[in-house]
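The sequence shown begins at 4 in this note's numbering and counts up one residue at a time.
Glycine included, C-beta positions come from ideal geometry on N, C-alpha and C.
Everything numeric in this text was worked out from a predicted model, so none of it was measured.
Following: one structure in structure tokens, then a few remarks.
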Amino acid sequence: MKISVAGTGYVGLVTAVCLAENGNSVTCVDINEEKVKLLNRGVSPIYEPNLEELMKKNRDKLTFVTDYSEAYKDADVVIIAVGTPERKDGSANLQYINEVAKQIANTVVKDCVVAIKSTVPIGTNDKIEKIIKENLRYNVNIDLVSNPEFLSQGTAVKDTLEATRIVLGVESENAGKIMREVYQNFNIPFVVTNRNSAEMIKYAANDFLALKVSYINEIANLCEIVGANIEDVSKGMGMDPRIGDKFLNAGIGYGGSCFPKDTKALHWLANYNDYEIKTIKATIEVNENQKIKLIKKARKYFTSFNGLNVAVLGLTFKPGTDDLREAPSVTNIPILLEDGAKINVWDPVGMDNFKRAFADEVNYSSSIEEAITNADVCFIFTEWTEIKEFEIEKYAKLMKKPLVIDGRNCYNVEEVKGKELIYESIGRKATIGIKETEKVFV
Ligand code: NAD
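Printed below as a string of structure tokens:
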């Protein structure tokens, strides 16, 4: 079976590599020449654990090209995994998918299944089928299948090889049969439904996880006010199998390429159909406020950041990825810069991407120690293991004013007690290490 994948981003590349690992030959198409050059040199353009290793291992089964015509012409299956970013009004921008649809229509010379793996609004598969059929150059049959993706960045390879389910939205028996063949070696249960339901499964699942995050963040905010500890609350909740312990870590909100845009897209789609999903509207609002919570906490100690040395630990939207899309660093650092802060950042993998957007507006540190030395305040935006394992005593030793404001609860409050440090976190009372520390801020 000849499989082609359109788009070699987080989803397309991981899908292609995992399909190759399970015995398929896959041709990957991307319009970004730089990416394709890197891929042909065996280098992954994205940071994703185990991806480059598997790419190298399966190099005989993987081809990377910029020219789509050869890739789609005689393919049995084309998997579309291009981006569906957010438009200004919150709706999903389908321009890249539409483009691929026209490229497929213009090229295919034999019957083919087109599977949309990108996250798309309900009804998109029908629209894409129409675009392809209206633009077909040859008299061939095209079957559209919705095949949404559920991987998480940072664990994408594992999530794909050991997925919890493969969702197939099909309108013809033949398309379902061919897609089952594509995934035959994965040993993962299928959920087979119609296309609209498959598209809805993806949004409903993602938005539910985002809702869970916003819910626990609201509970955390109340914990701070009433003197409860969110870590214990989450633990107590998560042990109930009806709730589950995932996505119950309070923090400064969700980011990344999916939750923010997928909540807004479903909210938009509901409004467009004269309906309002109130829980999703609230999820979005809570997240917007949560993102800037650390700066609000810091303002208790400083009226302005002007001239202050600010250390920022963690730039990516979560650990395990170099992706900065909708990361708290990207929201908060411009606010701090505008206020006149001098910023030192550290991140184990995200600094190259950050440099592309912020260039020399901030200083880049090669270690946590370097970033916090002489700092007036330290913000923690991402829960990298290196930060969680960083000795708490060193903040007091190296910072000018030992004020650590942690948006990811990297430290246990018990560890902080007795240390010469002011430690603020989410959903837990501020911990003042020793009395003397308070004098620093008077
Ligand atoms: P991405 O931005 O990382 O990658 C998209 C790629 O498509 C880019 O490399 C781009 O150059 C390429 N591209 C654009 N137009 C093209 C064309 N005409 N032909 C070939 N390539 C083209 O995007 P992503 O994060 O991989 O997400 C892709 C889709 O999957 C989105 O709809 C997203 O919502 C969904 N999704 C993403 C994740 C995730 O964790 N990133 C998880 C599940 C689903």
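Residue i versus residue j - alpha carbon distance
| i | j | result |
| --- | --- | --- |
| serine 94 | lysine 105 | 21 Å |
| valine 445 | lysine 238 | Confidence at valine 445 is low in this model, with a pLDDT of 42, below 50, so the placement of that residue should be treated as unreliable; the coordinate-derived value is given next. Spanning the two alpha carbons is a distance of roughly 37 Å. |
| aspartate 243 | glycine 126 | 36 Å |
| valine 289 | alanine 213 | 10 Å |
| tyrosine 13 | glycine 436 | 42 Å |
| lysine 267 | asparagine 276 | 14 Å |
| lysine 300 | asparagine 274 | 35 Å |
| glutamate 364 | proline 351 | 19 Å |
| proline 192 | valine 112 | 32 Å |
| valine 20 | aspartate 325 | 19 Å |
| tyrosine 50 | serine 260 | 15 Å |
| methionine 402 | isoleucine 425 | 11 Å |
| lysine 404 | glutamate 389 | 22 Å |
| threonine 30 | lysine 205 | 25 Å |
| leucine 327 | alanine 166 | 25 Å |
| valine 195 | alanine 360 | 42 Å |
| glycine 421 | phenylalanine 153 | 43 Å |
| serine 217 | asparagine 224 | 10 Å |
| lysine 249 | methionine 240 | 10 Å |
| phenylalanine 189 | asparagine 25 | 7 Å |
| methionine 182 | asparagine 150 | 9 Å |
| glutamate 423 | leucine 164 | 46 Å |
| valine 46 | aspartate 379 | 39 Å |
| asparagine 232 | alanine 159 | 32 Å |
| isoleucine 371 | proline 263 | 29 Å |
Whether residue i touches residue j by CB criterion (8 Å)
| i | j | result |
| --- | --- | --- |
| valine 416 | arginine 431 | yes |
| glycine 258 | alanine 330 | yes |
| isoleucine 219 | leucine 171 | no |
| lysine 161 | threonine 110 | no |
| threonine 87 | asparagine 96 | yes |
| threonine 66 | glutamate 36 | no |
| alanine 84 | alanine 9 | yes |
| isoleucine 395 | glutamate 418 | yes |
| arginine 198 | glutamate 176 | no |
| isoleucine 429 | glycine 179 | no |
| alanine 314 | cysteine 381 | yes |
| proline 322 | tryptophan 271 | no |
| valine 236 | isoleucine 222 | yes |
Status (buried if at least 16 other CB within 10 Å, exposed otherwise) for residue i
| i | result |
| --- | --- |
| asparagine 43 | exposed |
| glutamate 427 | buried |
| serine 369 | exposed |
| tyrosine 398 | buried |
| threonine 18 | buried |
| aspartate 409 | buried |
| asparagine 138 | exposed |
| isoleucine 338 | exposed |
| proline 48 | buried |
| glutamine 156 | buried |
| isoleucine 74 | Note on residue identity: the sequence assigns alanine, not isoleucine, to residue 74. Buried, since its Cβ has 16 or more Cβ neighbours within 10 Å. |
Option in the options with minimal Cα separation from residue i
| i | options | result |
| --- | --- | --- |
| lysine 358 | Cys381, Val333 and Ile371 | Val333 |
| valine 81 | Ile222, Leu16, Lys5 and Ile425 | Lys5 |
| aspartate 33 | Leu41, Asn25 and Thr11 | Thr11 |
| serine 72 | Arg140, Ile181, Lys133 and Asn53 | Arg140 |
| lysine 296 | Asn312, Met354, Ile336 and Ile280 | Ile336 |
| isoleucine 375 | Asn347, Pro151 and Arg245 | Asn347 |
| isoleucine 280 | Asp210, Ile246, Ala433 and Glu291 | Asp210 |
| alanine 207 | Trp387, Glu221, Leu269 and Gly230 | Leu269 |
| arginine 62 | Ser28, Asn232 and Lys38 | Ser28 |
| asparagine 293 | Val46, Arg411 and Lys91 | Here the sequence assigns glutamine to residue 293, which means asparagine is not the residue at that position. That would be Arg411, whose Cα lies nearest to the Cα of glutamine 293. |
| leucine 41 | Gly353, Leu16 and Arg302 | Leu16 |
CB contact check: residue i to chain B, cutoff 8 Å
| i | result |
| --- | --- |
| valine 380 | Looking at the structure shown, chain B is missing, and only one protein chain is on hand. |
beta-carbon residue i near the ligand HEM non-hydrogen atom, thresh 7 Å
| i | result |
| --- | --- |
| serine 260 | This structure lacks the ligand HEM; its bound ligands are the ligand NAD. |
Are the region 337-356 and the region 302-315 touching by the rule of at least three beta carbon pairs closer than 8 Å?
yes
Under 8 Å, with one C-beta from each stretch per pair, do the region 145-162 and the region 114-133 reach the 3-pair mark?
yes
Using 8 Å as the cut-off, can you tell me whether the region 274-287 makes contact with the region 312-321, which would need three or more C-beta pairs spanning the two stretches below that distance?
no
Evaluate contact between the region 121-137 and the region 51-61, counting only Cβ atoms and requiring at least three cross-stretch pairs below 8 Å.
no
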